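For the sequence shown, the working numbering gives the first residue as 244, with consecutive numbering after it. Take a look at the structure set out below.
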Amino acid sequence: MSKIMPLISANCGKISPASVEDYVRAGGFSGLQKALKMPPTQIINEVKKAKLRGRGGAGYPAGSKWQQLYEIKHFPKYIVCNADEGEPGTFKDKLLLEKDPLRVIEGMTIAGYVFNAHDGYIYIRGEYAALQDDFQAAIDSAVRAGYLGDKILGTDYSYHLHIMTGAGAYVCGENSAMLNSIEGKVGRPRVKPPHLAEVGLFQQPTLVNNVESFANIPTIMQIGGEKYLSYGTVDSGGTKLICLSGNVANPGVYEVPFGLTLRDLIYDEELGGGPSGQKKIKFFHLGGQSGPCGFLSQLDTPYCYQALRDKGLSVGSGAIVVMDESVCVIDYLKAVTEFFIHESCGKCTPCREGNKQIYALLDKFAQGTASKEDYALLQRLSTLLAKASFCGLGQAAATALSTCLKNLQAEFDAHIEGRCPAGVCFTKQESGEQ
Ligand SMILES: Cc1cc2nc3c(=O)[nH]c(=O)nc-3n(C[C@H](O)[C@H](O)[C@H](O)COP(=O)(O)O)c2cc1C
Ligand code: SF4
């Protein structure tokens, strides 16, 4: 039996993306039609039963988030779709935006109806500029067909969608920084509380969900929360779009049910297909640069929120970057840290300065001048960043580092002794190159 389960990616590549006719023929907008006849509380209950967890990275239960916003009786409310997709190794929202935009629009419209919101915003990352015209074309065709805009499908409900765009800052994917950016302010994270459900976009109650999260809503409406849950595990309903990349034979986006093991995802012929070359896999990085690294001893862990968490791992954005033995962990972590130095907004000291300190220490390992004290300092710094940084960017910047310090200590020790097991560091000095 196939391990791939295309629930929300079923239309991708099979329909013309902006064609309402194609989308409706494939069952599209039936979720919205059903939802418009249901009381909002019943829709929220279906999302709760589905145990849909946010697909943007944090994995917060969507049903609880929707319930919290619903209980706030202050209007207008806004719906925001996070299409910033800045996490390196993550390219699954792009698939949906590009190949099935009407599904995202339908999910956002159902959410709009639940909260009696009349405006929704989709924040598409600047690097996806080429997608924006096509997404606008999909919005326009949905309006023309009566599924969006004034008096949707002859009801009294009106809802308008607006595209906003960023300029390529990773921190603008953080929900409060994104709202600042939409408001035309500098894209820096806000102090929380107040939470965005209370004081969000334009200081109004706001729902922020990821593209993939919204794309699941039409399916939940069509098949019901219980059925949707049954595709996954008891705590992680449905399916997940995973992005495989790195030293893996079959890189790409795959939709899989929660509950397959990491081994299935990385080695199965239909999925990752194992390492791309002759070398064995050394580690894999889950959920993007801000996620933890996993190791061979963890390969039999089921890919779902709780089981991964129990092992110190996480689903995050769905990225799985596979690294084989040709990769030096120090070299890899230097690249990860360089990313965070570049993307840190500079607002708080632990993140702004801590990442630079981590990089300098890693460089000592790469140069063969590090000591045991430097290893201990890296441990302390990784804890400090997690505890003292202002927002999720700094809090997660050293997650990969801390998992590698714990699980690949031998490789750090080898560098202290002047050996690089992957043969990446010191080679310049040994060969006398400048
Ligand atoms: C630095 C940083 C970057 C983030 N980038 C994204 C992103 O690109 N896309 C996304 O959906 N969520 C991103 N998030 C998570 C959002 O803050 C938020 O949790 C998410 O949009 C909520 O939607 P969900 O519950 O459907 O996942 C980021 C968080 C942080 C701290
Ligand atoms: S942790 Fe601090 S410096 Fe880093 S991005 Fe967040 S607010 Fe900015």
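Quick reminder that beta carbons are idealized off the backbone N, C-alpha and C, glycines included. Since this is a predicted model, take the numbers as computed values, not measurements.
Residue i, buried or exposed, once every other Cβ within 10 Å from all chains shown has been counted against 16
i, result
"Phe501", "buried"
"Leu628", "buried"
"Gln672", "Reliability of the predicted coordinates at Gln672 is poor, the pLDDT of 48 falling under 50, and the value obtained from them is presented with this limitation in mind. Burial call: exposed."
"Pro448", "buried"
"Gln532", "buried"
"Val347", "buried"
"Gly397", "exposed"
"Glu616", "exposed"
"Met708", "Past the edges of the chain, shown from 244 to 677, lies residue 708, and the structure says nothing about it."
"Tyr371", "buried"
"Ser632", "buried"
"Thr200", "Here the chain has residues from 244 to 677 only, and residue 200 is not among them."
Inter-residue CB distance, residue i and residue j (contact presumed, cutoff 8 Å)
i, j, result
"Leu529", "Gly559", "6 Å"
"Pro432", "Val414", "7 Å"
"Lys320", "Ala269", "That pair is no contact at about 30 Å."
"Asp567", "Gly520", "6 Å"
"Val451", "Asn325", "6 Å"
"His658", "Ile573", "6 Å"
"Thr642", "Gly561", "Rounded, the Cβ-Cβ distance is 16 Å, inconsistent with contact."
"Ile353", "Ala458", "11 Å between Cβ atoms; not a contact."
"Lys246", "Glu513", "6 Å"
"Cys571", "Cys668", "6 Å"
Same chain, Cβ closer than 6 Å to residue i, neighbours up to 5 away in sequence not counted
i, result
"Pro344", "Pro260, Phe378, Ala381"
"Arg298", "Asn453, Glu455, Ser456"
"Tyr618", "Phe655"
"Ala293", "Ile463, Gly468, Tyr471, Leu472, Gly480"
"Val496", "Lys335, Leu338, Leu484, Cys486"
"Tyr510", "Gly517"
"Thr504", "Asp543, Pro545"
"Ala420", "Val414, Gly430, Arg431, Pro432"
"Gly355", "Ile322, Gly363, Tyr402"
"Gln541", "Lys554"
"Phe582", "Gln532"
Option nearest residue i by Cα separation, candidates the options
i, options, result
"Gly392", "Asp362, Ala420, Ser540", "Asp362"
"Gly409", "Gly397, Tyr400, Asn423", "Asn423"
"Leu624", "Ala613, Pro593, Lys308", "Pro593"
"Lys428", "Thr642, Tyr548, Lys599, Phe445", "Phe445"
"Ala665", "Ala412, Ile524, Asp265", "Ile524"
"Glu417", "Gly637, Cys647, Ala578, Thr580", "Gly637"
"Ile322", "Ile584, His403, Asn598", "His403"
"Gln465", "Val267, Ala372, Val667", "Val267"
"Glu349", "Leu275, Asp376, Glu370", "Leu275"
"Cys255", "Glu341, Gly329, Ile286, Met248", "Glu341"
"Asp478", "Tyr400, Gly661, Gly302", "Gly302"
"Arg662", "Lys630, Asp553, Gln610, Arg506", "Gln610"
"Ile286", "Val357, Glu330, Ile258", "Val357"
Own chain residues within Cβ distance below 7 Å of residue i, not counting five before or after
i, result
"Ser252", "Leu338, Leu484, Glu498"
"Ser488", "Gly332, Pro494, Val564"
"Glu676", "Bear in mind that the predicted position of Glu676 carries a pLDDT of just 44, short of 50, making it unreliable; the figure below should be weighed with that in mind. If we look at Glu676 and ignore the five residues flanking it on each side, it has no Cβ neighbours."
"Gly250", "The question names Gly, yet the displayed sequence has Leu at residue 250. Excluding sequence neighbours, Leu250 sits near Thr462, Tyr474, Gly481, Thr482, Glu498."
"Phe538", "Phe526, Asn650"
"Ser674", "Only weak support exists for where Ser674 lies, its pLDDT of 42 falling under 50; the coordinates are left without a value."
"Ala305", "Val290, Leu295, Arg296, Gly297, Asn452, Ser456"
"Leu620", "Leu604"
"Leu551", "Thr544, Ser557, Val558"
"Tyr548", "Arg296, Gly302, Asp478, Ser479, Val558"
Residues near residue i in its chain [Cβ-Cβ closer than 8 Å; skip 5 each side]
i, result
"Thr284", "Tyr313"
"Val263", "Gly271, Phe272, Leu345, Ser384, Ala385, Arg387, Ala388, Tyr390"
"Ala440", "Lys308, Gln311, Leu312, Ile315, Pro448, Thr449, Leu450"
"Tyr366", "Val323, Cys324, Asn325, Ala326, Asp327, Met407, Thr408, Gly409, Cys415, Met421, Ser424, Ile425"
"Lys577", "Tyr602, Leu605, Asp606, Ala609"
Minimum Cβ-Cβ distance from residue i to chain B less than 7 Å
i, result
"Ala578", "The structure shown has no chain B; it contains just one protein chain."
* In chain order, each alpha helix (DSSP H) run of at least 4 residues that lies wholly inside the segment 393-447 -> Considered as a whole, the segment 393-447 harbours 418-425 as its complete alpha helix (DSSP H) runs of no fewer than 4 residues, in chain order.
* **Contiguous alpha helix (DSSP H) assignments of at least 4 residues, all confined to the segment 329-358** => For the alpha helix (DSSP H) assignment, the uninterrupted runs of no fewer than 4 residues enclosed by the segment 329-358 are, from N- to C-terminal side, 335-342, 344-357.
* Can you check the segment 486-569 for any alpha helix (DSSP H) of at least 4 residues that lies completely inside it and give the ranges in chain order? => For the segment 486-569, whole alpha helix (DSSP H) runs of length 4 or above, ordered along the chain, are 505-510, 548-553.
* What are the uninterrupted segments assigned as beta strand (DSSP E) that are 3 or more residues long and contained completely in the segment 278-338, given in chain order? -> Here the runs fully enclosed are 321-326.
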